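Participant: Residue numbers for the sequence shown follow our numbering, beginning at 430 and rising by one. Note that beta-carbon positions come from the ideal geometry of N, C-alpha and C, so glycine has one too. In this text the structure is predicted, and so the values were computed from the model without any measurement. A single structure is presented below for examination.
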Amino acid sequence: MRPLSAALAPPGDGRSVRTALKWSALALLLLLGVFELLWGPGGLAGTSQAAQRPSGNSVELLAQRIGCTAEITADTADLRQGLCSSGGEEIWIATFPEPRAQQAWITEAEAYGGSYLVGDDWVVVLSDATADQLHGLLGGKVVNGADHTGTHEHTGGG
């Protein structure tokens, strides 16, 4: 009669079962690695991260699309900004390395008023004279800051 432990063990040598499990695990890891290489972020079969970004994602490229040459005025971890002139108007352009930095800038800027043309990773400060032209050239959406025109209704006597 076989001992109980032998009856519960799978048939065959225990070493061959462990070897089969090791090879199966290795094959699974290899398959996952190939999948990640081909279809993971920036994978060979997918679109690269650079190709997914908008074509005008640098201060210089945005300025070129506007038709001016930007002078870089800041290059920090949170933003890169530059100024250029087009048609007698000074145009301020900023690019951001991540959406969180861009959103923080927009939130702060809205309190000061003005209009901003906002793209995926960039902002251009607009004037009334340049708003339509720049929106047509760059796309994005126009965001308006707080109204500081100074017009307040006065109610009451006094």
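(1) Which residue marks the beginning of the alpha helix (DSSP H) containing T524, and which one marks its end?
(2) What's the C-alpha gap between G586 and A540?
(3) Would you call R444 buried or exposed, if buried means 16 or more other Cβ atoms sit within 10 Å of its Cβ?
(4) At what residue ranges does the stretch 488 to 572 contain a whole run of the alpha helix (DSSP H), taking only runs of 4 or more?
(5) Using the rule of at least 16 other Cβ atoms within 10 Å of the residue's Cβ for burial, across every protein chain shown, is V446 buried or exposed?
(6) Taking the alpha-carbon of W521 as reference, which of G574, V571, S556 and D507 has the nearest alpha-carbon?
(7) Could you compute how far the alpha carbon of S477 sits from the alpha carbon of D561?
(8) Short check: CB of G543 to CB of V554, under 8 Å?
(9) Which word fits G511, buried or exposed, when buried means at least 16 other C-beta atoms lie within 10 angstroms of its C-beta?
(10) When the Cα of Q532 is compared with those of C513, R494, S514 and V572, which residue comes out closest?
(11) Pull up the CB-CB distance for D507 and A530, whole angstroms please, since I reckon it's below 8 Å.
(12) Go through its chain and collect everything with a Cβ distance to E500's Cβ below 8 Å, but skip five positions before and after it.
(13) Is the distance from the Cβ of I495 to the Cβ of L546 below 8 Å?
Facilitator: Quick answer:
(1) Along the sequence shown, one-based indexing puts residue 524 at 95. Unbroken run through T524 is the beta strand (DSSP E), E518 to T524; no alpha helix (DSSP H).
(2) Working through the sequence shown from its first residue, we reach residue 586 at position 157. Working through the sequence shown from its first residue, we reach residue 540 at position 111. Here G586 scores only 46 on pLDDT, less than 50, and its place in the model is too uncertain to base an answer on.
(3) Walking along the sequence shown from the start, residue 444 turns up at place 15. Under this definition R444 is an exposed residue.
(4) Here the runs fully enclosed are 488 to 495, 528 to 539 and 560 to 567.
(5) What you label residue 446 is simply residue 17 of the sequence shown in a count that begins at 1. Exposed, by the Cβ-count rule.
(6) Residue mapping note: residue 521 aligns to position 92 of the sequence shown, counting from 1. For W521, the nearest C-alpha among the options comes from S556.
(7) Within the sequence shown, residue 477 is the residue found at index 48, counting from 1. Within the sequence shown, residue 561 is the residue found at index 132, counting from 1. Low per-residue confidence applies at S477: pLDDT is 36, beneath 50, and the placement is therefore not dependable, though the value from the model is reported in the following sentence. Rounded to the nearest angstrom, the two C-alpha atoms are 32 Å apart.
(8) On the sequence shown, residue 543 is found 114 positions in, with the first residue counted as 1. On the sequence shown, residue 554 is found 125 positions in, with the first residue counted as 1. Yes.
(9) Indexing the sequence shown from 1 puts residue 511 at position 82. Buried.
(10) As a first step, residue 532 is located in the sequence shown; it is residue number 103 there, counting from the start. When the alpha-carbon of Q532 is set against those of C513, R494, S514 and V572, the nearest one is in V572.
(11) Locating residue 507 in the sequence shown gives position 78, counting from the first residue. Locating residue 530 in the sequence shown gives position 101, counting from the first residue. Their Cβ separation, rounded to whole angstroms, is 4 Å, which keeps D507 and A530 in contact under 8 Å.
(12) Along the sequence shown, read from residue 1 onward, the residue named residue 500 stands at position 71. Excluding sequence neighbours, E500 sits near G511, L512 and C513.
(13) Numbered from its first residue, the sequence shown carries residue 495 at position 66. Numbered from its first residue, the sequence shown carries residue 546 at position 117. Going by C-beta atoms, I495 is not nearer than 8 Å to L546.
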